[in-house]
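Notes for the one structure printed next.
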Amino acid sequence: MEIKGNGFILREWQDSDITELQRLANNPKIAANLYDRFPSPYTMADAKLFINLKANENPVTSFVIEIDGLFAGTIGIDFRTDVFARSPLIGYWLGEDYWGKGVMTEALKLITAYLFSRFNIMCLQAGVFSRNQASMRALEKAGYSKQGVIKGAIFKNDEVLDEHIYVAYKQ
Numbered sequence: 304m305e306i307k308g309n310g311f312i313l314r315e316w317q318d319s320d321i322t323e324l325q326r327l328a329n330n331p332k333i334a335a336n337l338y339d340r341f342p343s344p345y346t347m348a349d350a351k352l353f354i355n356l357k358a359n360e361n362p363v364t365s366f367v368i369e370i371d372g373l374f375a376g377t378i379g380i381d382f383r384t385d386v387f388a389r390s391p392l393i394g395y396w397l398g399e400d401y402w403g404k405g406v407m408t409e410a411l412k413l414i415t416a417y418l419f420s421r422f423n424i425m426c427l428q429a430g431v432f433s434r435n436q437a438s439m440r441a442l443e444k445a446g447y448s449k450q451g452v453i454k455g456a457i458f459k460n461d462e463v464l465d466e467h468i469y470v471a472y473k474q
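Just so you know, we're using our numbering here: the sequence shown kicks off at 304 and counts up by one.
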């Protein structure tokens, strides 16, 4: 499955993504804005494990962002359970080489439309670390609205950060 964007495609994971995934993910600037479950340093073994988990997903909820035939980043959702089963969390990251080009804003728009059309969900939620202004701008440009800030909710790399909560609602 592929979703075409302007200068990129969203597609399913392939074994051939391993090398570029490891190269781009092994960046402390990326890990600094993601949950601790994202390994840092990011090894080839981490890349293989992640692709093995995602390559056989059915239905597909995690996509590669491909630019010029290369892995450039990823975007997808984590379904939750219980009363949150219809409001999954959206997450994403883009290799530093591709920052500042509007790729993530458009990827967010495309994946949001796809997810609302494909799944019985009410909204998509994103939690953003307070220092990640670029991610907040991408969400806002993609139609997500800021719902609030949870002060001191995150402890990352010996720093206490706020979590900014963004939501897109199914129309």
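All C-beta atoms in this analysis are idealised placements derived from N, C-alpha and C, irrespective of residue type, glycine included. As the structure is a prediction and not an experimental result, all values here were calculated from the model.
Local Cβ density within 10 Å of residue i, reported as buried at 16 or more and exposed below that
i: Gly405; result: exposed
i: Met347; result: exposed
i: Tyr472; result: exposed
i: Ile393; result: buried
Supposed close pair residue i, residue j - CB separation, criterion 8 Å
i: Glu399; j: Ile321; result: Not quite, the Cβ-Cβ distance comes to about 19 Å (not below 8 Å), so this is no contact.
i: Trp396; j: Gly379; result: Contact doesn't hold; Cβ gap of about 10 Å is too wide.
i: Tyr417; j: Ile306; result: 6 Å
i: Asn336; j: Asn435; result: 5 Å
i: Val431; j: Ser448; result: Actually they are not in contact, since the Cβ atoms of Val431 and Ser448 sit about 13 Å apart, beyond 8 Å.
i: Ala441; j: Thr415; result: Not confirmed; about 12 Å, so no contact.
i: Ile468; j: Gln428; result: 7 Å
Cut-off 8 Å between Cβ atoms - residues of its own chain near residue i, not counting five sequence neighbours on either side
i: Glu369; result: Phe311, Ile312, Leu313, Arg314 and Ala375
i: Met425; result: Arg389, Ser390, Tyr472 and Lys473
Residue i versus residue j: straight-line alpha-carbon distance, rounded
i: Arg421; j: Ser390; result: 14 Å
i: Glu323; j: Lys351; result: 11 Å
i: Lys412; j: Glu443; result: 10 Å
i: Pro344; j: Gly451; result: 32 Å
i: Glu462; j: Ala456; result: 11 Å
i: Ala358; j: Ala437; result: 29 Å
i: Tyr401; j: Phe387; result: 33 Å
i: Gly308; j: Phe382; result: 24 Å
i: Gly446; j: Val367; result: 21 Å
i: Asp439; j: Glu466; result: Correcting the residue type first, residue 439 is Met in the shown sequence and not Asp. C-alpha separation (whole angstroms): 11 Å.
i: Arg326; j: Ala410; result: 21 Å
i: Ser365; j: Leu356; result: 10 Å
i: Thr384; j: Asp349; result: 26 Å
i: Arg340; j: Gly403; result: 25 Å
i: Phe419; j: Asn361; result: 17 Å
Candidates the options: closest to residue i by CA position
i: Phe353; options: Ala328, Val463 and Ser433; result: Ala328
i: Leu464; options: Gln317, Tyr338 and Asn355; result: Tyr338
i: Gly372; options: Gln317, Met439, Pro362 and Phe341; result: Gln317
i: Ser559; options: Ala445, Pro362, Lys459 and Ser319; result: Residue coverage of the chain in this structure runs from 304 to 474, which leaves residue 559 outside it and unanswerable.
i: Met304; options: Leu356, Arg340, Val363 and Asp349; result: Val363
Residue i CB to nearest heavy atom of the ligand ADP below 7 Å
i: Arg383; result: The ligand ADP is not among the ligands present in this structure, which contains no ligands whatsoever.
Own chain, CB closer than 7 Å to residue i, minus 5 neighbours either side, in chain order
i: Pro331; result: Ser343
Proximity test, Cβ basis, 8 Å: residue i and chain D
i: Leu356; result: Within the model displayed, chain D is absent; a lone protein chain is all it includes.
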